Amino acid sequence: MNSVQPIPVVVLAGFLGSGKTTLLNHLLGNRGGTRIGVVVNDFGSIEIDAMSVAGQVGDSMVSLGGGCLCCAVDGSELDAYLDKLAAPVHRIDVIVIEASGLAEPQEMVRMLIANENPAIRYGGLVQVVDAAEFDRTRAAHPETDRHLSVADLVVLNKTDRVDPAERARIEGEIASLCAPGTPLVRRRSRGGSTRNLLFDRRPWTESAGGICSSRT
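And the structure:
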């Protein structure tokens, strides 16, 4: 598949406690045959034991069960490891970068857009938001508004921890900060499968940013 189409690289962003690492681990555990390349700041955030480590692939890369690969990098190594993950031998379908500890999401997006490897392309920015901590997060991190303004998809996490009226207010605030038409997906603290929210199997020219355009 990837010998014809470039591999989408999706940036998964969100502040500490938003639930993005839990979401990433959930995606890895419910990938339905999708071969995922993951870029993280350290291996400790990924449930490697649960994914059955198959062996070392490189100095900072491990092979996960089911054909998935995980890299632990710092910002200066990002391009090099994207090149490694995009190698045809790995047959990766999608690459997910957990933004925490690497760079500001916007900087990472710029790096991906500027990347000259024809085997990969920028696949979109997914911003994870903790519904129960939304106001406190905005107060502590004013850059939240900026991150939301460039998001291609917003995952409103832990929606079961706020009442319907509060959730509606938060969704209205998010909509006012995001670009018009930015999709928002609700997720409970222990939500069901979200794999299809990030990975679109259609030809990449048919979906903006590589983010799945069908929402539930």
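First residue of the sequence shown? That's 3 in the working numbering, and the numbers climb one at a time after it.
Don't be surprised by glycine CBs; every beta carbon is placed ideally from N, CA and C.
Bear in mind that the values here come from a model prediction, so they are computed numbers and not experimental data.
{"Item": "Whole angstroms is fine: what's the gap from arginine 37's alpha carbon to valine 111's?", "Value": "22 Å"}
{"Item": "Using alpha carbons as the reference points, say which of Ala15, Val164 and Pro10 lies closest to glutamate 109.", "Value": "Ala15"}
{"Item": "Buried or exposed, going by whether 16 or more other CB atoms sit within 10 Å of the CB of asparagine 32?", "Value": "exposed"}
{"Item": "What is the DSSP secondary structure of asparagine 159, reduced to helix, strand or coil?", "Value": "strand"}
{"Item": "Could you tell me the distance, in whole angstroms, from the CA atom of threonine 24 to the CA atom of glutamate 173?", "Value": "21 Å"}
{"Item": "Is valine 41 close to chain B? Criterion is C-beta to C-beta, closer than 9 Å.", "Value": "This model lacks chain B altogether; it includes just one protein chain."}
{"Item": "Quick one: residues in its chain with C-beta nearer than 8 Å to the C-beta of arginine 163, no 5 flanking neighbours on either side, listed in chain order?", "Value": "Ala133, Ala134 and Ser191"}
{"Item": "Does DSSP put glutamate 118 in a helix, a strand or coil?", "Value": "coil"}
{"Item": "Use the C-beta contact count for alanine 101: other C-beta atoms within 10 angstroms, 16 or more gives buried, fewer gives exposed.", "Value": "buried"}
{"Item": "Helix, strand or coil for glutamine 7, going by three-state DSSP, please let me know.", "Value": "coil"}
{"Item": "Can you tell which of Pro8, Gly126 and Glu145 has the C-alpha that lies nearest to the C-alpha of threonine 184?", "Value": "Gly126"}
{"Item": "Taking only three categories from DSSP, how would you classify alanine 15?", "Value": "strand"}
{"Item": "Between Ala121, Asp137, Ala82 and Gly34, which lies nearest to proline 10 when the distance is taken from Cα to Cα?", "Value": "Ala121"}
{"Item": "Looking at the unbroken beta strand (DSSP E) that takes in glutamate 135, where does it start and where does it end?", "Value": "Per DSSP, glutamate 135 belongs to no beta strand (DSSP E) and is neither H nor E."}
{"Item": "May I ask you to report which of helix, strand or coil DSSP gives alanine 89?", "Value": "coil"}
{"Item": "Give every residue of the same chain whose Cβ lies closer than 6 Å to the Cβ of histidine 28, excluding the five residues on either side of it in the sequence, and list them in chain order.", "Value": "none"}
{"Item": "Quick one, are the C-beta atoms of leucine 84 and asparagine 119 less than 9 Å apart?", "Value": "yes"}
{"Item": "How far does the beta strand (DSSP E) with glycine 39 in it reach, from first residue to last?", "Value": "38 to 42"}
{"Item": "Would you mind giving the Cβ-Cβ distance between leucine 158 and valine 187, rounded to the nearest angstrom? I have them listed as a contact below 8 Å.", "Value": "7 Å"}
{"Item": "Tell me, to the nearest whole angstrom, how far the beta carbon of serine 20 is from that of valine 130; I am working on the premise that it is less than 8 Å.", "Value": "5 Å"}
{"Item": "By Cβ distance below 6 Å, which residues in the same chain neighbour leucine 18 in space, the five residues on each side in sequence not counted?", "Value": "none"}
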